[in-house]
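Peer 1: Take this structure first; my questions come after.
There are 2 protein chains.
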Amino acid sequence: MVREHALYNGKLLLEKEACLPITNREVQFGFSTYESLRVIRSHPVHLEDHLIRLENSCRGIGLAHPFTQEELKAWVYKLIKIDLLEEASVRILLVGGKEPMCFVTASPLLTYPENYYTQGVGAITYEGERLMPSCKTGNLLLNYMALEKARSSGGFEALLVDRKGQVLEGTRSNFFAFRDGKLYTAKDDEVLLGITRERIIQATKILGIEVVYEAPLAKDLHAGLYDELFVSATSMAAMPISTLDGKTFKAPFERTNAIKALVRSWELED
Amino acid sequence: MVREHALYNGKLLLEKEACLPITNREVQFGFSTYESLRVIRSHPVHLEDHLIRLENSCRGIGLAHPFTQEELKAWVYKLIKIDLLEEASVRILLVGGKEPMCFVTASPLLTYPENYYTQGVGAITYEGERLMPSCKTGNLLLNYMALEKARSSGGFEALLVDRKGQVLEGTRSNFFAFRDGKLYTAKDDEVLLGITRERIIQATKILGIEVVYEAPLAKDLHAGLYDELFVSATSMAAMPISTLDGKTFKAPFERTNAIKALVRSWELED
Numbered sequence: 016m017v018r019e020h021a022l023y024n025g026k027l028l029l030e031k032e033a034c035l036p037i038t039n040r041e042v043q044f045g046f047s048t049y050e051s052l053r054v055i056r057s058h059p060v061h062l063e064d065h066l067i068r069l070e071n072s073c074r075g076i077g078l079a080h081p082f083t084q085e086e087l088k089a090w091v092y093k094l095i096k097i098d099l100l101e102e103a104s105v106r107i108l109l110v111g112g113k114e115p116m117c118f119v120t121a122s123p124l125l126t127y128p129e130n131y132y133t134q135g136v137g138a139i140t141y142e143g144e145r146l147m148p149s150c151k152t153g154n155l156l157l158n159y160m161a162l163e164k165a166r167s168s169g170g171f172e173a174l175l176v177d178r179k180g181q182v183l184e185g186t187r188s189n190f191f192a193f194r195d196g197k198l199y200t201a202k203d204d205e206v207l208l209g210i211t212r213e214r215i216i217q218a219t220k221i222l223g224i225e226v227v228y229e230a231p232l233a234k235d236l237h238a239g240l241y242d243e244l245f246v247s248a249t250s251m252a253a254m255p256i257s258t259l260d261g262k263t264f265k266a267p268f269e270r271t272n273a274i275k276a277l278v279r280s281w282e283l284e285d
Numbered sequence: 016m017v018r019e020h021a022l023y024n025g026k027l028l029l030e031k032e033a034c035l036p037i038t039n040r041e042v043q044f045g046f047s048t049y050e051s052l053r054v055i056r057s058h059p060v061h062l063e064d065h066l067i068r069l070e071n072s073c074r075g076i077g078l079a080h081p082f083t084q085e086e087l088k089a090w091v092y093k094l095i096k097i098d099l100l101e102e103a104s105v106r107i108l109l110v111g112g113k114e115p116m117c118f119v120t121a122s123p124l125l126t127y128p129e130n131y132y133t134q135g136v137g138a139i140t141y142e143g144e145r146l147m148p149s150c151k152t153g154n155l156l157l158n159y160m161a162l163e164k165a166r167s168s169g170g171f172e173a174l175l176v177d178r179k180g181q182v183l184e185g186t187r188s189n190f191f192a193f194r195d196g197k198l199y200t201a202k203d204d205e206v207l208l209g210i211t212r213e214r215i216i217q218a219t220k221i222l223g224i225e226v227v228y229e230a231p232l233a234k235d236l237h238a239g240l241y242d243e244l245f246v247s248a249t250s251m252a253a254m255p256i257s258t259l260d261g262k263t264f265k266a267p268f269e270r271t272n273a274i275k276a277l278v279r280s281w282e283l284e285d
């Protein structure tokens, strides 16, 4: 792995040359969309799904651009080839405006220690609603602040709670919780339609777990009505939660880890 | 006016070199604050107020940085001097994180044709609530989308309406409306504390206009309960609204223009 290049509108640059002009209005307003994906054994995992979601995000916020899915795909493969990427995270960034910009960059693959999966991670709840939750955009201040708060107390993730007290999703993850053997998660239109979330739901079908599309209430999570919680994301697959706002959930997280194993097994298939 | 430089953490650069690394996490999350101010006759208008608000924005979102107000002030004066700025808009951008970045850049002074003030401008209402309205941050997607919608129908500004139906502020302005001779505007904690808004309120005292801190409801504006509307901002001073969602408000906007004249007269005083 060399990892020193980036692509800007298909043009090869050194990564350090890939930067955003600060006088550009769309840069100033965060009028942008993005995707992050995993490269495993030089294979961009679920690339098609990421490109479709990127296009949905653009449509959602009205970001017009001239780049075709075929071009974006070719640029991702080009970066993988040029920088000999075997394992990496790849980010596609689209900035709107009169002269849209597309950047493709790579960073080391984001992985977590194995004990995160066996022992679980800490999480907190954080009140706040994302603007246009189904779109992945540069409008991420809420996510940043919520995650900072979680980290400042040693936590791994913050879960966003809406005005109704529903726990919808994490700052960079979807959220799931078991109650009476069923798996609860927010409705599709309330959250980011995670590509891993979709795989989680596929896994529940194989494992015979019923999914209920109803976001858990924070107070019900605190009251112990749910007995196994996890977050999902490209980098995490399914990551069990051991504490939420100080309330403990006990290992082993067998259902979460069974789901995780299935989700990971599908990464090289597409 | 030369206008070809920028300052990065106090260091002089060419403006075209002033850019944001796209792999920087705080850039990706829009974890930033900013101020825009007018330079008139080489004088940075209300610079102290802008620096105080910048600091409040940083405090609001938890953006720690090592730059003192004295340094920021010196950098603004340095750019004015080096680029011989007589009339300009100057922007101060702070990006947070482990290695905070401060950029000072200039652009041509934003002005509007005189008939905007005599004939008024078009506006629309747009449903949406800003995150942390008192802070000026890079989290501006809502503002961008709302303004695009206004512009696509030939309008000048979009006014944001909250879940209670209150018209709080514009995408880059504060909002005021006269009803029975009194001037209504949102409460301080619901909106950006505009530096021009503060001057508007000073002007009302001189003009003997009573200010009521209660945001007009969109339905009451549509129903004609208010008879003169305007938005305020650094670039606009007070700008009268001639149509809101198609409803007409008639010129001459005498009270608005009287306020505007006073506000502009104070620009060279501090």
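Residue numbers (this note's numbering), protein chains in the order written: chain A, 16 to 285; chain B, 16 to 285. For glycine and all other residues, C-beta sits at the position ideal for the given N, C-alpha and C. Just so it is clear, the structure is predicted and the values come from calculations on it, not from any experiment.
1. Specify, as a first and last residue, the run of the beta strand (DSSP E) that Asn189(B) falls within.
2. With distances taken Cα to Cα, identify the nearest neighbour of Glu86(A) among Thr38(A), Glu32(A), Cys117(A).
3. Residues of chain A with CB closer than 8 Å to the CB of Asn154(B), please, in chain order.
4. Count the other CB atoms within 10 Å of the CB of Asn130(A); is the residue buried (16 or more) or exposed (fewer)?
5. Using a Cβ cut-off of 8 Å, pull out every chain D residue sitting near Ala33(A), in sequence order please.
6. Apply the 10 Å Cβ neighbour rule to Val182(B) and answer buried if 16 or more other Cβ atoms are within range, or exposed otherwise.
7. Gly77(B) versus chain A: which residues are under 7 Å apart at the beta carbon?
8. Which residues in chain A have a C-beta closer than 8 Å to the C-beta of Glu30(B)? List them in chain order.
9. So, helix, strand or coil for His237(A), using DSSP?
10. Return the bridge partner residues of Tyr228(B) from the DSSP annotation.
11. Taking C-alpha atoms, which residue in Thr249(A), Phe264(A), Lys262(A) lies nearest to Lys275(A)?
12. Run the CB neighbour count on Glu101(B), radius 10 Å, all protein chains shown included, and call it buried at 16 or more, exposed below.
13. In terms of residues, what are the limits of the beta strand (DSSP E) holding Cys34(B)?
14. Going by alpha carbons, who is nearest to Leu156(A) out of Met160(B), Cys150(B), Ala161(B)?
15. By Cβ distance below 6 Å, which residues in the same chain neighbour Gly45(A) in space, the five residues on each side in sequence not counted?
16. Can you find a CB in chain B that lies within less than 8 Å of the CB of Leu146(A)?
17. To which residues of the same chain is Ser167(A) closer than 6 Å at the C-beta, ignoring the five residues directly before and after it?
18. Which residues does DSSP list as the beta-bridge partners of Gly137(B)?
19. What is the DSSP secondary structure of Tyr127(B), reduced to helix, strand or coil?
20. By the three-class DSSP mapping on this structure, what secondary structure does Arg145(A) have?
21. Suppose contacts are defined by Cβ-Cβ distances below 8 Å. Is Val227(B) in contact with Ile216(B) by that definition?
22. Quick one: grab the DSSP three-state call for Glu30(B).
23. Give the residues from the segment 90–102 of chain B that approach chain A closer than 9 Å (Cβ to any Cβ), ordered along the chain.
24. My understanding is that Ala252(A) touches Thr211(A), with C-beta atoms under 8 Å, so please give their C-beta distance in whole angstroms.
25. Considering only C-alpha positions, which residue in the set Ile107(A), Glu213(A), Ala79(A), Gly75(A) is nearest to Lys88(A)?
26. Whole beta strand (DSSP E) runs in the segment 56–129 of chain B with 3 or more residues, listed along the chain?
Peer 2: On the basis of the data shown:
1. Note, Asn189(B): beta strand (DSSP E), 189–194.
2. Nearest C-alpha to Glu86(A): Cys117(A).
3. Chain A residues near Asn154(B): Gly45, Asn154, Leu155, Leu156, Leu157.
4. The residue in question, Asn130(A), is exposed, as its Cβ has fewer than 16 Cβ neighbours within 10 Å.
5. Absent from the structure: chain D. Protein chains present are A and B.
6. When all chains shown are included, Val182(B) counts as buried.
7. Taking a Cβ-Cβ cut-off of 7 Å, the neighbours of Gly77(B) in chain A comprise Met160, Glu163, given in sequence order.
8. When 8 Å is used as the limit between beta carbons, Glu30(B) is near these residues of chain A: Thr38, in chain order.
9. The DSSP-derived three-state label of His237(A) is helix.
10. DSSP lists Thr200(B) as partners of Tyr228(B).
11. Closest option to Lys275(A), Cα to Cα, is Thr249(A).
12. Around the beta-carbon of Glu101(B), fewer than 16 other beta-carbon atoms lie within 10 Å, marking it exposed.
13. Membership of Cys34(B) in the beta strand (DSSP E) is indicated by the continuous run 34–36.
14. Nearest to Leu156(A) by alpha-carbon distance, out of Met160(B), Cys150(B), Ala161(B), is Cys150(B).
15. If the five residues before and after Gly45(A) are omitted, its C-beta is found closer than 6 Å to the C-beta atoms of Gly153, Asn154, all from its own chain and listed in chain order.
16. With 8 Å as the cut-off, Leu146(A) counts as an interface residue toward chain B.
17. None.
18. The partner list for Gly137(B) (beta bridge, DSSP) reads Thr258(B).
19. Here Tyr127(B) sits in coil by DSSP.
20. Arg145(A) falls in the coil class under three-state DSSP.
21. Cβ atoms of Val227(B) and Ile216(B): not closer than 8 Å.
22. Three-state DSSP puts Glu30(B) in a helix.
23. If the cut-off is 9 Å between Cβ atoms, the segment 90–102 of chain B has nothing near chain A.
24. With 8 Å as the limit, Ala252(A) and Thr211(A) qualify as a contact, their Cβ atoms being about 6 Å apart.
25. Residue nearest to Lys88(A) within the set Ile107(A), Glu213(A), Ala79(A), Gly75(A) is Ile107(A) (criterion: CA-CA distance).
26. Correct list: 103–110, 116–122.
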